[in-house]
Every structure is written in structure tokens, then in C-alpha cells.
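Reviewing the structure listed below.
In our numbering, the protein residues as written are 54 to 326.
Written out as C-alpha cells, the structure reads:
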């Protein structure tokens with residue numbers, strides 16, 4: 054079932070520049086379920102390839118949950134995971150090296166994963182507007198955290214949205230040849246024992262040094278229960294607002310069946326950046 058949500062065109066007063074134009078096509082948002090990393094990677098390859106085609110797929114936003122694992126993006130390394138291979142095996146936490154942006158992130162229950170697949174043109178941006186795209190994406194995440202009553206904090210020289218307990222939303226967006234892929238991971242109410250042993254970001258300190266940061270959670274920040282359904286709704290609404298979409302088509306499930314996705318564009322995601 055498709056639900057069409059009109060959006061008022063109100064831009065949040067953050068530091069990002071306005072887009073070259075407003076999106077002319079609606080945002081297709083999917084409230085999906087749980088998926089393992091190999092299934093997600095196959096689906097991402099297909100969606101990114103379709104978004105790259107002339108008059109291809111509508112801008113597609115997927116809100117989902119990953120099976121427990123640890124992914125390591127282009128800015129991370131094995132050294133950021135402070136657990137030996139034997140412990141990872143006993144916890145059934147496979148390591149996955151990926152072509153997304155960002156560093157190392159632990160995944161599992163209590164975390165909202167969000168991925169955006171679209172051309173920059175379909176987002177109302179120019180072919181070289183990588184910075185404005187990232188700024189608007191983080192603007193949407195910050196708006197979602199404000200909706201959840203968690204105070205977003207930005208640190209110079211780092212990506213992602215921080216709170217009092219650490220990194221609340223780790224950004225792993227990737228942009229290549231004018232196409233946006235992947236997205237972010239927002240910790241709502243996970244158990245933090247694994248997250249606190251994975252360095253997910255670094256930010257510049259006042260003395261010029263770099264501080265390693267692990268992930269906290271919305272629930273730990275606000276010291277009361279945070280609901281996953283509230284976070285999913287806030288993410289969709291605030292990202293649609295940040296990019297200036299007039300309409301958002303909200304659907305359930307995945308846009309393609311993960312198990313049936315082919316690998317028509319096997320190098321796109323692995324070479325993103």
C-alpha cells in the first residue's frame with residue numbers, strides 16, 4: 054500500500070547552501086525489515102545502477118535493520134574494532150569491508166539504517182554538489198534527532214551527528230559520478246557493549262589532535278525509552294524536508310526482493326568514492 058505525504062517546502066536554517074533547484078520527482082520511501090549485509094550489498098548495487106540510468110529510478114529512501122555484523126567503510130580499518138577475531142566469532146559478528154563512506158560501525162537490533170539512492174540531479178543539485186548533498190543529508194538526520202528530543206552536536210573535521218553519549222548517527226554516504234548511494238546508521242536503543250568497542254568516528258579537539266569516538270544512543274542521551282517507529286518516521290520526514298521534496302510515497306517492504314537481486318553493476322558500489 055502506498056501512502057502519499059505532501060511536504061511543505063520549509064528549509065531548516067543550517068549552514069548548507071540551497072539546492073540548484075527543487076526535486077521534480079517524488080521521493081519513494083520504503084519502511085523495510087531486516088536484511089543481512091550480503092543481501093543488502095546486492096540490492097544496493099542494483100538500486101545504484103538504476104538511479105544512474107537516464108530517467109531511471111525515482112529517488113529511493115530505504116529505512117531498514119541490518120543483521121548483526123560490523124561494517125568498515127573507506128575511512129575505517131580493522132584496527133578500529135577493539136575485539137580479537139576469536140571474540141568476534143563467538144559473538145557471531147562478521148566483519149564486512151565496504152565501499153560506503155565513513156568508518157567502522159556495529160549493527161544490530163535497536164539501530165535504524167537508512168539508505169538513499171538517487172542522482173544528484175533528482176535531488177535538485179548540480180553534478181558537483183557533493184558538499185551540499187552531504188550537508189543536507191546530515192541536516193535531515195539532525196532534524197530527526199531533534200524530533201526525538203536528542204540534542205544534535207556537530208564537531209569540526211568530522212561527519213555524523215553526535216550527542217552527549219557519543220556518535221548518535223554515523224554517516225556512510227557515498228557519491229560517485231553524480232549518483233548517491235548508502236546513507237547512515239542511527240542508534241536508537243541498542244545494547245551499547247559492542248558499539249563502545251568499535252571506533253566509528255574521530256573529531257578534532259581544541260588542541261588540534263583527533264579524538265576517537267564510539268557510538269552512543271538516543272535512549273542513553275535522553276534517559277528514557279525511545280521508540281524505533283518514532284525514529285523511522287522522523288528520519289523519512291526530516292530527510293524529505295531537507296532535500297525539499299513536495300511529495301513522499303511511503304511503502305512497506307523492500308523496493309526489490311533482496312534474494313532475487315542480480316549483480317548487474319558489480320563494480321559500482323565497491324568503487325564508490
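Don't be surprised by glycine CBs; every beta carbon is placed ideally from N, CA and C. Since the structure is predicted, the reported quantities are computational estimates derived from the model, not experimental observations.
May I ask you to list the residues that DSSP assigns as paired with residue i?
| i | result |
| --- | --- |
| residue 90 | Answer by DSSP bridge pairing: none, since residue 90 is not bridged. |
| residue 216 | 219 |
| residue 268 | 220 |
| residue 237 | 167 and 224 |
| residue 304 | 83 |
| residue 160 | 122 |
Based on Cα-Cα distance, which residue from the options lies nearest to residue i?
| i | options | result |
| --- | --- | --- |
| residue 145 | 131, 127, 164 and 120 | 120 |
| residue 221 | 172, 99 and 198 | 198 |
| residue 236 | 282, 303, 283 and 153 | 153 |
| residue 80 | 171, 268, 92 and 271 | 171 |
| residue 169 | 115, 141, 192 and 135 | 115 |
| residue 74 | 256, 128, 276 and 299 | 299 |
| residue 195 | 263, 178, 223 and 173 | 223 |
| residue 217 | 270, 177 and 167 | 270 |
| residue 282 | 90, 137, 214 and 242 | 242 |
| residue 273 | 263, 191, 244 and 264 | 244 |
In or out: residue i buried (at least 16 other Cβ within 10 Å) or exposed?
| i | result |
| --- | --- |
| residue 308 | buried |
| residue 68 | Only weak support is given to the placement of residue 68: the predicted model assigns it a pLDDT of 42, under 50, and the question is left unresolved by the model. |
| residue 142 | exposed |
| residue 316 | Bear in mind that a pLDDT of 43 at residue 316, under 50, signals an unreliable position, so the number given afterwards is only what the model happens to contain. Answer is exposed; the Cβ neighbour count stays below 16. |
| residue 175 | buried |
| residue 94 | buried |
Rounded to the nearest angstrom, what separates residue i and residue j at their Cα positions?
| i | j | result |
| --- | --- | --- |
| residue 181 | residue 231 | 7 Å |
| residue 226 | residue 155 | 7 Å |
| residue 163 | residue 103 | 30 Å |
| residue 212 | residue 239 | 13 Å |
| residue 82 | residue 288 | 10 Å |
| residue 246 | residue 131 | 18 Å |
| residue 290 | residue 229 | 25 Å |
| residue 123 | residue 98 | 19 Å |
| residue 253 | residue 266 | 6 Å |
| residue 140 | residue 105 | 40 Å |
| residue 260 | residue 251 | 24 Å |
| residue 89 | residue 151 | 14 Å |
Rounded to the nearest angstrom, how far is the Cβ of residue i from that of residue j, given a contact under 8 Å?
| i | j | result |
| --- | --- | --- |
| residue 293 | residue 189 | No, residue 293 and residue 189 are not in contact; Cβ-Cβ is about 11 Å, not under 8 Å. |
| residue 297 | residue 76 | 6 Å |
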